[in-house]
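J.: Chains as they are written, first to last, in the UniProt record's numbering: chain A, 1 to 395; chain B, 1 to 285.
Here it is, the structure in full.
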Amino acid sequence: MRTTRFPARASGIAERVAGFIAHLRLNGIVAGPGETADALAALGHVAALDPAEARLAFRAVLAHDVESAGRFDDLFDAYWFNAGRTRGGEEHRAARVTPAQRPALWRAHFGDDATTPSPGAEATGPDDNDSEADGTDGRLIATRTRSLVQRDLRGLMDPEILAAAERVAHDLARCLRDRRSRRRRAAKRGAALDLRRVLRRSLARGGEPLDLFRRRRPDRAMRIVALCDVSGSMTAYARVFLAFLKGLIDADTTADAYLFHTRLMRVTPAMRDRDPLRAAARLSLMAEGFGGGTNIAGAIGAFCDAHAARAVNGRTVVLILSDGYCTGTPGELAAALQRLGRRAGRIVWLNPLAGWQGYEPVARGMAAARPHLDALLPANSIASLAALEPEFAKL
Amino acid sequence: MSFRELQASLAQTGYVADDALAMALHLALALGRPLLIEGPAGVGKTEIAKALAAVKGARLIRLQCYEGLDAAAAIYEWNYQRQLLAIRAAEGMGEDALFTEKYLLKRPLLEAITQAEAPVLLIDEIDRADEEFEAYLLEILSDFQVTVPEFGTITATCRPMVVLTANGTRDLSDALRRRCLYAHVSYPSPEAELAILGLRAPGLEARLARQIVSVVQALRHEELEKKPGIAEMLDWAAALSGLGINDLSDDPAAVQASLVCLLKTAGDRDAVPPELLARLIGRAA
């Protein structure tokens, strides 16, 4: 938590409250002048001299969600009682990626070295490497070693592959249409009459409803959420799948992407980065655990816990990109998929191994997972992904 | 009216509100702002609006949200059948005569702002409605007026007391959140739950009431798909007193059978075998 010193001398209550709002803002709670006015108005309706009442009143007015309501008490104490050290609230902040809060290791890759000088000159991002090569000697050497480690991932941002992946992702996304919309839109033909328009037009014909307009339920795009396995056994396919993910994110503004090996991380913001090289660098950093074991059930469970409530609804297709080799037991995987299936509209598993000739889902995990999937499809290259279009249309 | 007084009068109607909720409600009324209430299912979010209506002696207008809810179902719709008949009956009827309030079907939102006295408007499970509806709602909640293209703008004759509930099916937009005061309601503490039970089922023996509350609180710590809420707890208490059970440890079979009131899925039934129930009851005694 960031602390703000309580102003020992302030001209009045308004200034102190404004200071409190600034303190909240500093700690990541969205609040502005409107909230200041609300807080002051609220004080007029309670016993403002009673700290307990004032605390309740401020919380009702200033907290806007569960998370901020939960840590409001600490923030309140920190400001009004100067009790702020670093207690609570910290873990919430850690989850939020703002320039000022990135771990030192990351700074190099986001190009904000100027504002927050990182320890050691070796921390020059790979993107600097390409934009201008006039660093000092030390920087250049360090850059090279780093890019050796990360060449694999950065190579994937080859514009051609990316363009192809984007096209495929776009086509696949287009195939996933939901026909269960409950709103009706005006249309040339459709099941229901658009009485409002019929009547309006009938006035011109002396009240005779001659021209009939219709309404029907439009098809709506399904939202796509992709969970991509980047463990050791998937290294060979990571390139294709990451390009596909990037394509998906670029083609569809509502899509959401996650990577997992033993942990799960959301990579949508990194993928959305407009600078492809910086996006690759951010991804490489996130994928630091690349090549380890996989805990698919754990990752899906973590996804259900942390993200599913927001990211998944009945109109969502969850794509799982994994070979199914996993350290967990098949039972755990089945349970996790079942749990996810209750929320998601469809679950599709794209398995690179399934593309091999004569492949049966030998991995026991896959056998257990099969009943909970809407489709298990082979895919190990952009071309094979493109070939999935008819399969997707069937979903 | 201070928030303590509000809390007391809510208690008189049978609703036990904790300090935070009572304060949020008090400020929402005082500042004329909508109140957004979040929390798990079955903690009495909807009941708050009913209790508020009872306290204020106001009408309760409820809008249940669902996916695909649109303006025609939430705000207004023209009564086409009557319009058609009217055109037939009066030859050469003008447009002005046709699009009047006479042919306007008021849906909950429009109805709420055209009352003579301020009603309580309950917008239930707002997170089930889609983003488009949220946008409509923002406009109405900020200006309290509705524009009907054929007709003109209808401004509010009163400012309804608005209560919105949500339980996390979908994330709400920041714009909506900022327009509302916020209260998070979670499962009540044992003392609060005992007070609720005492208010709602006054005839219950104190010992049985304590046992019921203790078992339900313990069940909420179990790994259940759907945790029992307050409504379920009250159902269970009613069922037990209907069965003539005065002590939970007396008749394990009947108590086990009465769990249908608390556990609503097959998986949850299996998760609470008789042994576990006996242990929970034993701990309660």
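All residues carry an ideal CB built from backbone N, CA and C; glycine is no exception.
These numbers were taken from a predicted model, which means no experiment stands behind them.
Can you tell me which of B:Leu35, B:Trp78, B:Ala218, B:Asp124 puts its alpha carbon nearest to the alpha carbon of isoleucine 61 of chain B?
T.: B:Asp124
J.: Specify the secondary structure class of glycine 111 of chain A as computed by DSSP and reduced to three states.
T.: Bear in mind that the predicted position of glycine 111 of chain A carries a pLDDT of just 46, short of 50, making it unreliable; the figure below should be weighed with that in mind. Glycine 111 of chain A falls in the coil class under three-state DSSP.
J.: Reducing DSSP to helix, strand and coil, say where alanine 47 of chain A ends up.
T.: coil
J.: Would you call threonine 145 of chain A buried or exposed, if buried means 16 or more other Cβ atoms sit within 10 Å of its Cβ?
T.: Low local confidence applies: a pLDDT of 36 at threonine 145 of chain A is under 50, so the model's placement there is unreliable, with the coordinate-based value given in what follows. Answer is exposed; the Cβ neighbour count stays below 16.
J.: Quick check on aspartate 38 of chain A: buried or exposed, where buried means 16 or more other Cβ atoms within 10 Å of its Cβ?
T.: buried
J.: Using 8 angstroms as the threshold, is the C-beta distance between aspartate 268 of chain B and glutamate 225 of chain B below it?
T.: Cβ atoms of aspartate 268 of chain B and glutamate 225 of chain B: closer than 8 angstroms.
J.: Which partner residues does histidine 184 of chain B have in the DSSP bridge list?
T.: B:Glu38
J.: How is valine 348 of chain A classed by DSSP in three states: helix, strand or coil?
T.: Assignment of valine 348 of chain A by DSSP, reduced to helix, strand and coil, places it in the strand class.
J.: Among all the DSSP beta bridges, which residues are the ones paired with glutamate 77 of chain B?
T.: B:Leu105
J.: Whose CA, out of B:Gly39, B:Ile48, B:Pro40, B:Leu35, lies closest to the CA of threonine 13 of chain B?
T.: B:Ile48
J.: Using a beta-carbon distance below 8 angstroms, is valine 317 of chain A in contact with chain B?
T.: no
J.: The stretch 74-91 of chain B: which residues have C-beta closer than 8 angstroms to a C-beta of chain A, in chain order?
T.: If the cut-off is 8 angstroms between Cβ atoms, the stretch 74-91 of chain B has Trp78, Tyr80, Gln83, Leu84, Ile87, Arg88, Glu91 near chain A.
J.: Taking the alpha-carbon of phenylalanine 76 of chain A as reference, which of A:Leu26, A:Ala41, A:Gly44 has the nearest alpha-carbon?
T.: A:Leu26
J.: I want to see whether chain B comes within less than 8 angstroms of valine 66 of chain A, judged by CB atoms only; does it?
T.: yes
J.: Could you pull out every residue in the same chain whose Cβ sits closer than 6 angstroms to the Cβ of residue 286 of chain B, ignoring the five residues on either side in sequence?
T.: Given a span of 1 to 285 for chain B in the structure shown, any question on residue 286 of chain B remains unanswerable.
J.: Please return the same chain residues whose Cβ sits closer than 6 angstroms to the Cβ of valine 318 of chain A, not counting the five positions on each side in sequence.
T.: Val225, Ala344, Ile347
J.: Can you pull the chain A neighbours of leucine 104 of chain B, defined as C-beta to C-beta under 7 angstroms?
T.: In chain order: nothing, as chain A lies at least about 12 angstroms away.
J.: Quick check on the DSSP output: the alpha helix (DSSP H) that includes phenylalanine 241 of chain A runs from which residue to which?
T.: 235-251
J.: Taking Cβ-Cβ distances shorter than 7 angstroms, what residues in chain A pair up with leucine 181 of chain B?
T.: Around leucine 181 of chain B, the beta-carbon contacts reaching into chain A at under 7 angstroms are Ala60, Val61.
J.: For leucine 203 of chain A, which residues in chain B fall below 9 angstroms Cβ to Cβ?
T.: Ile87, Met93, Gly94, Glu95, Leu98
J.: Got a sec? Which residues, its chain only, sit under 6 angstroms from cysteine 65 of chain B by beta carbon, not counting five neighbours each side?
T.: Cβ neighbours of cysteine 65 of chain B beyond the five flanking positions: Glu125, Ile126, Arg128, Ala129.
J.: Residues in the same chain with beta-carbon distance under 6 angstroms from leucine 234 of chain B, minus the five sequence neighbours each way, listed in chain order, please.
T.: Arg200
J.: Just to confirm my understanding: we take leucine 197 of chain B, look at its own chain, exclude 5 residues before and 5 after, and list those with CB closer than 8 angstroms. What are they?
T.: Leu204, Ala209, Ile212, Val213, Met233, Leu234, Ala237
J.: For histidine 184 of chain B, which residues in chain A fall below 9 angstroms Cβ to Cβ?
T.: Ala63, Asp65, Val66, Ala69, Gly70
J.: Within a Cβ cutoff of 8 angstroms, which residues of the same chain sit near leucine 240 of chain B, ignoring the five residues on either side of it in sequence?
T.: Leu208, Ile212, Leu248, Val255, Ser258
J.: Report yes if the C-beta distance between residue 400 of chain A and proline 352 of chain A is below 8 angstroms; otherwise report no.
T.: Because chain A spans 1 through 395 in this model, residue 400 of chain A falls outside it and cannot be assessed.
J.: When every heavy atom of the ligand COA is checked, does at least one fall within less than 7 angstroms of the C-beta of methionine 234 of chain A?
T.: As far as ligands go, the structure on display features none, and thus does not contain the ligand COA.
J.: When the Cα atoms are used, what is the spatial distance from glutamate 67 of chain A to cysteine 158 of chain B?
T.: Cα-Cα distance, rounded: 34 angstroms.
J.: Along the chain, where does the beta strand (DSSP E) that runs through phenylalanine 133 of chain B open and close?
T.: Phenylalanine 133 of chain B -> not in any beta strand (DSSP E); alpha helix (DSSP H) instead, spanning 131-143.
J.: Could you work out which residues of chain A lie near histidine 221 of chain B, taking near to mean beta carbons separated by less than 9 angstroms?
T.: Neighbours of histidine 221 of chain B on chain A: none; closest Cβ ~17 angstroms, over 9 angstroms.
J.: Taking Cβ positions, are residue 286 of chain B and lysine 106 of chain B nearer each other than 8 angstroms?
T.: Shown here, chain B extends from 1 to 285; a query on residue 286 of chain B therefore has no answer.
J.: Do leucine 385 of chain A and valine 46 of chain A have their C-beta atoms within less than 8 angstroms of each other?
T.: no
J.: Under a Cβ-count criterion, where at least 16 other Cβ atoms within 10 Å of its own Cβ denotes burial, should glutamine 217 of chain B be classed as buried or exposed?
T.: By the 10 Å Cβ count, glutamine 217 of chain B comes out buried.
J.: For the beta strand (DSSP E) that threonine 153 of chain B lies in, which residues bound it at each end?
T.: 152-155
J.: Rounded to a whole number of angstroms, what is the C-alpha to C-alpha distance between aspartate 323 of chain A and leucine 227 of chain A?
T.: Rounded to the nearest angstrom, the two C-alpha atoms are 12 angstroms apart.
J.: On the DSSP bridge assignment, give the partners of phenylalanine 392 of chain A in chain order.
T.: Partner(s): none; phenylalanine 392 of chain A has no beta bridge.
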